[in-house]
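Residue numbers (UniProt numbering): 1 to 59. Think of the CB as a built atom: it goes at the ideal place given N, C-alpha and C, for glycine as much as any other residue. Worksheet: the structure to be examined is printed underneath.
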Amino acid sequence: MATSVLKTSQPIPLDEFVAEIERRRIETGITEMPRNSGNRRTASKRALLKAIEEAGGTW
């Protein structure tokens, strides 16, 4: 009788995760990720970002 076992992800330290992302970027040649232009933001998201800015925060 065959059974399957669900394997779950194990948490890894943040520094290892960052190193893995950097390794993959170098491997693929993608070194710069374009920033989201924000052209499709909802009115509520725009209001939230404006409130953060007015409160002195940055996003």
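- In terms of CA proximity to N36, W59 leads the group W59, I12, S9 and P11.
- Pairing A55 with A19, the inter-Cα distance amounts to about 34 Å.
- DSSP places R40 outside both helix and strand once states are collapsed to three, so it counts as coil.
- The distance from the Cβ of R25 to that of T31 is about 6 Å, consistent with a contact at the 8 Å cut-off.
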